[in-house]
Amino acid sequence: EVNSIFRQYVADEDLLIYSIDESILKVTKSLNLFTTPGTRSERRKQLARQIQLHVYHQTGLIATVGIGDNPLLAKLALDNEAKHNKGFVAEWTYQNVPEKIWAIKEMTDFWGIGSRMKKRLNHMGILSIKDLANWDPYALKRQLGVIGLQLYFHANGIDRTDIAEPPEPTKEKSYGNSQVLPKDYTRKEEVEIVVKEMAEQVAARIRQHNCKTGCVRLYIGTSILETKSGFSHQMKIPLTDNTKELQYYCLYLFNKYYEGQEVRHVGITYSKLVYTDSLQLDLFSDPQQQINEEKLDKIIDKIRQKYGFTAIVHASSKLEGARSITRSTLVGGHPGGNGGLNND
1 EVNSIFRQYV ADEDLLIYSI DESILKVTKS LNLFTTPGTR SERRKQLARQ
51 IQLHVYHQTG LIATVGIGDN PLLAKLALDN EAKHNKGFVA EWTYQNVPEK
101 IWAIKEMTDF WGIGSRMKKR LNHMGILSIK DLANWDPYAL KRQLGVIGLQ
151 LYFHANGIDR TDIAEPPEPT KEKSYGNSQV LPKDYTRKEE VEIVVKEMAE
201 QVAARIRQHN CKTGCVRLYI GTSILETKSG FSHQMKIPLT DNTKELQYYC
251 LYLFNKYYEG QEVRHVGITY SKLVYTDSLQ LDLFSDPQQQ INEEKLDKII
301 DKIRQKYGFT AIVHASSKLE GARSITRSTL VGGHPGGNGG LNND
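Just so you know, we're using the UniProt record's numbering here: the sequence shown kicks off at 1 and counts up by one.
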């Protein structure tokens, strides 16, 4: 419901939903429509307050707003200042990076720095965010890899992310999978297991083809005796091939639109593909965790490709309603086939 309110102020391409309770809005084109004349800062705060009031009056929720010249600055403003301000609004800009970002006292309050990373930085002689911002970026990359270089740029307030301009797909193609269930599924929990399994199967396929998806579509077909109709919905997401993330987005769509129907058909499609081997780190998640999850996905893929899908399965695939183990034995055009790993 809150994101529906956001869509009244920005176009779909200017809204990026990161989780149930955090979204990024690019308001560049909206300022002229919803604010009165003033400085850029004044107008951004006007719009923030207007959206806050709209959310409160419609839902009763109090929205906290971080305003910034880029998503990073907005996120840091949200986490480090807005939550403590009287009006729950804070603005961080390129101009006040030294007084805002460099003044963050605890290094672990900065995005991407957990306790382990803090120890590594301290060992290098970096004891503050200001130290990090003024360190040799090449030395950071040598010792910490791509994370070190990203931390350097972020410590200087630099983030080139533009949610309205995702990388251009090199091919108009999508990967998907669908299946007709052996019976009508009446329990929500059973359908969720199938959705998670299929999200994982298609995730393995896009990784096999070295691509990431920027759009997830979920199709739910109902029993022939069901009076309620099924649904098909999609959502724009940050580029990813991460199994855990894709399962989250598919379940988000399912839980948002499911109304207790008896389900007989499930389909998942990933589109808006970008062909790349590089890992695009998520601003809102721990970078080391993202790297570890990428490694885990690839290890699981290799094990299954060598020894078969059932060589390693999730415990949930042993529960009632699960389908991935049964489907892994199907080949020759039938849905799945080795967990979906060998389907093009």
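Positions of the beta carbon are idealized from the N, C-alpha and C atoms, including for glycine.
With respect to the alpha helix (DSSP H) encompassing residue i, which residues constitute its N-terminal and C-terminal limits?
i: D79; result: P71 to N80
i: E190; result: K188 to Q208
i: I147; result: V146 to A155
i: A133; result: I129 to A133
i: P182; result: Looking at the DSSP string, P182 is not in any alpha helix (DSSP H); the run it does join, the beta strand (DSSP E), is Y175 to Y185.
Once the 5 residues before and after residue i are set aside, which same chain residues still bring their CB inside 6 angstroms of it?
i: P167; result: Residue confidence for P167 is low, a pLDDT of 49 falling below 50, so the modelled location carries little weight; the figure read from the coordinates is stated next. These residues qualify, in order along the chain: V274.
i: F110; result: I104 and I129
i: K141; result: G148 and L149
i: E81; result: A90
i: D184; result: S223, E262 and R264
i: T170; result: With a pLDDT of 46 at T170, under the threshold of 50, the predicted position of this residue should be treated as unreliable, though the coordinate-derived value follows. Y275.
Thinking just about the alpha-carbon of each residue, which of the options is nearest to the one in residue i?
i: H209; options: S271, E22 and K141; result: S271
i: C250; options: E262, K295, K236 and D136; result: K236
i: S174; options: C211, N32 and I193; result: C211
i: V194; options: Q179, R304 and E91; result: Q179
i: N177; options: R205, D162 and T36; result: R205
i: E189; options: A199, P98, L246 and N255; result: N255
i: D69; options: Q289, M198, E91 and E13; result: E91
i: D159; options: R116, N122, P98 and A74; result: A74
i: C215; options: Y248, K295 and L76; result: Y248
i: N242; options: A11, E259, L225 and D297; result: D297
If you drop the 5 nearest sequence neighbours on each side, which residues of the same chain put their C-beta closer than 7 angstroms to that of residue i?
i: Q143; result: M124
i: K118; result: M107 and T108
i: F34; result: Y9, L47 and Q50
Beta carbon of residue i, beta carbon of residue j: below 8 angstroms?
i: I62; j: R44; result: no
i: L181; j: L151; result: no
i: L218; j: I147; result: no
i: G157; j: I113; result: no
i: H54; j: I126; result: no
i: G221; j: H154; result: no
i: N3; j: S30; result: no
i: G230; j: Q261; result: yes
i: Q52; j: T36; result: no
i: T240; j: T213; result: yes
i: K244; j: E192; result: no
i: L253; j: A199; result: no
i: T93; j: L78; result: no
Short of 8 angstroms in beta carbon distance, which residues of its chain neighbour residue i, apart from the five on each side in sequence? Order them along the chain.
i: R49; result: G87 and V89
i: D301; result: A204, R207, Q208 and L341
i: Q58; result: E1 and I5
i: R7; result: L15
Please list the terminal residues of the continuous beta strand (DSSP E) segment that includes residue i.
i: V27; result: No beta strand (DSSP E) holds V27; DSSP gives it neither H nor E.
i: S115; result: Premise fails: S115 lies in the alpha helix (DSSP H), S115 to M124, not in any beta strand (DSSP E).
i: F239; result: For the record, residue 239 in the displayed sequence is Leu; it is not Phe. Where L239 is concerned, the enclosing beta strand (DSSP E) stretches over F231 to T240.
i: A90; result: V89 to W92
i: S271; result: V263 to S271
i: Y219; result: C211 to T222
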